[in-house]
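If you want this note's numbering, it's the position in the sequence shown, counting the first as 1, plus 228.
Heads up, the beta-carbon is just placed ideally off N, CA and C, and yes, glycines get one too.
In this text the structure is predicted, and so the values were computed from the model without any measurement.
The next block holds one structure in the form of structure tokens; read it before the comments.
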Amino acid sequence: MMARPGLGILGSGKGSNCRAILESIAKRVLRAEARIGISDVPDSGILHVAREFDVTAAYLPPGKFRTKLAAEAEIELGQILRDAGVDWVVLAGWMRVLKEPMLQAFPHRILNIHPSLLPKFPGLEAWKQALAAGETITGCTVHYVDAGVDSGEIIAQREVPILPDDTPETLHARIQIAERELYPTAIRQVCA
Ligand code: GRF
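This is the structure:
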């Protein structure tokens, strides 16, 4: 039998996508093994979620920058992931742009989920961007990570309608429901 692919899940927030992935693995719908959960935010929800599922959880001090890791931290991140036996890096609410050390260590092996129908509305708070633009449909996208911001090759998308009385909060909540269905399915598709 083929070994199950090892996942390293990276996030900065509450970890609802991480939870959906770990539940999918627990139910044996997603044939993969979560090897480690890493956050740049101490005590973040995602670290608690990882521990709840008996997955090693690690805090990575990010260094002095706000939107990227310090060079040493990014090299350390690659090392931690390799030591943990990670084949696929899964960004789940990870708020820092990854640079060459990670892109070279895991070429075409880093996935991200973004709350819009890319290439529309890359960047922060994409659901607010979609509302402000007067869209009637938005959604979420799973894509490979490259050197740009939310610009890598698209793997899968799910549409979410924008309702007339939507607020940023109600819209984001509905997009997140779609994300939690889409991400485990898309991971399954690329890891197969
Ligand atoms: C998600 O909405 C995802 O699209 C974005 O960050 C959010 C993470 O949420 N990249 P969670 O931590 O998985 O709950």
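Proximity of residue i and residue j at Cβ, strictly below 8 Å
| i | j | result |
| --- | --- | --- |
| Gly306 | Ala333 | yes |
| Arg416 | Ala248 | no |
| Ile274 | Gly243 | yes |
| Gly234 | Arg263 | yes |
| Ile210 | Pro329 | Absent from the structure is residue 210, since the part of the chain shown begins at 229 and ends at 420. |
| Leu331 | Ala375 | yes |
| His371 | Glu363 | no |
| Ala254 | Phe281 | yes |
Among the options, nearest to residue i - alpha-carbon criterion
| i | options | result |
| --- | --- | --- |
| Arg386 | Ser379, Asp393, Arg402, Pro392 | Arg402 |
| Arg337 | Glu304, Phe281, Val314 | Val314 |
| Gln404 | Asp268, Val283, Pro343, Leu339 | Pro343 |
| Ala452 | Lys255, Val370, Cys368, Phe349 | Coverage of the chain is limited to positions 229 through 420, which leaves residue 452 absent and any answer about it impossible. |
| Asp311 | Leu346, Gly236, Glu397 | Gly236 |
| Leu346 | Trp322, Ile383, Ile253 | Ile383 |
C-alpha distance - residue i paired with residue j, whole-angstrom precision
| i | j | result |
| --- | --- | --- |
| Ala406 | Lys292 | 34 Å |
| Gly239 | Cys246 | 8 Å |
| Cys419 | Val257 | 13 Å |
| Trp355 | Thr295 | 20 Å |
| Leu323 | Ala231 | Leu is not the amino acid found at residue 323; the sequence shown has Met there. So the alpha carbons of these two residues sit roughly 31 Å apart. |
| Val377 | Ile341 | 12 Å |
Continuous alpha helix (DSSP H) stretch holding residue i: start and end
| i | result |
| --- | --- |
| Ile390 | Segment: none, Ile390 is in no alpha helix (DSSP H) and carries neither H nor E. |
| Glu300 | 299-311 |
| Glu328 | 328-333 |
Boundaries (first-last residue) of the beta strand (DSSP E) holding residue i
| i | result |
| --- | --- |
| Thr366 | 365-372 |
| Arg263 | 261-267 |
| Ile342 | Note on residue identity: the sequence assigns His, not Ile, to residue 342. Note, His342: beta strand (DSSP E), 338-342. |
| Leu238 | 234-239 |
| Trp316 | 316-319 |
Residue i beta carbon near the ligand GRF (any heavy atom closer than 7 Å)
| i | result |
| --- | --- |
| Gly265 | no |
| Ile274 | yes |
Within-8 Å CB hit, residue i to chain D
| i | result |
| --- | --- |
| Asn245 | Absent from the structure: chain D. Only one protein chain is present. |
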